[in-house]
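Participant: In our numbering, the protein residues as written are 17 to 128.
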């Protein structure tokens, strides 16, 4: 996992420790999540995930992978004894995931 797979702004705000710890994680597969310390961020931990690429032909697979991203993050929240989470939409236009379907998945997973 590196800045290509996560927000450059997050890395800049957290300081060099975050990038150093991410380099030790061995990457992160699509739909999975990993946790690191937050370093200079006003949080205890950062949960990282990798959203899927989107292709209309494989929209069901992309939806399942995106759902798994949210579930994996919430599972790590519980496993690490964290009581709250700030979470944006997990999709990128660079991976062609349309906003509305991504928002529907996010709301569905957070409500379940």
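Backbone N, C-alpha and C fix where the C-beta goes; we use that ideal spot for every residue, glycine too. Treat the numbers as computed from the prediction; the structure is a model and nothing was measured.
(1) Using CA atoms only, rank isn't needed, just tell me which of 32, 24 and 78 is closest to residue 120.
(2) Mapping DSSP to helix, strand and coil, what is residue 94?
(3) Residue 106 bridges to which residues according to DSSP?
(4) Start and end of the alpha helix (DSSP H) containing residue 121?
(5) Can you give me the C-alpha to C-alpha distance between residue 70 and residue 42, rounded to a whole angstrom?
(6) Mapping the DSSP letters down to three states, classify residue 50 as helix, strand or coil.
(7) When you compare only the Cα positions, how much space is there between residue 85 and residue 60?
(8) Is the beta carbon of residue 63 closer than 9 Å to that of residue 82?
(9) Just mark residue 50 as buried or exposed, buried being the case when its beta carbon has 16 or more other beta carbons within 10 Å.
(10) Considering only residues of the same chain and omitting the five flanking positions on each side of residue 92, which have a CB-CB separation below 6 Å?
Facilitator: According to the data block:
(1) Position 104 of the chain shown, counting from 1, holds the residue named residue 120. Residue 78 is the option with its Cα nearest to residue 120.
(2) Counting from 1 along the chain shown, the entry for residue 94 is found at position 78. If DSSP states are grouped into helix, strand and coil, residue 94 belongs with the helices.
(3) Counted from its first residue, the chain shown places residue 106 at position 90. Bridge partners of residue 106: none, in fact.
(4) Stepping through the chain shown from its first residue, residue 121 is reached at position 105. Per DSSP, residue 121 belongs to the alpha helix (DSSP H) from 115-127.
(5) Sequence index remark: in the chain shown, residue 70 carries index 54 (1-based). Sequence index remark: in the chain shown, residue 42 carries index 26 (1-based). Rounded to the nearest angstrom, the two C-alpha atoms are 24 Å apart.
(6) By one-based count along the chain shown, residue 50 stands at place 34. The answer is strand: DSSP assigns residue 50 an E or B state.
(7) Numbered from 1 along the chain shown, position 69 holds the residue referred to as residue 85. Numbered from 1 along the chain shown, position 44 holds the residue referred to as residue 60. About 20 Å.
(8) Taking the chain shown and counting its residues from 1, one reaches residue 82 at position 66. Taking the chain shown and counting its residues from 1, one reaches residue 63 at position 47. Their beta carbons are not under 9 Å apart, which means residue 82 does not touch residue 63 by this criterion.
(9) Position 34 of the chain shown, counted from the start, is the residue given in the question as residue 50. Buried, by the Cβ-count rule.
(10) Locating residue 92 in the chain shown gives position 76, counting from the first residue. Same-chain partners within the cutoff: 49, 51 and 63.
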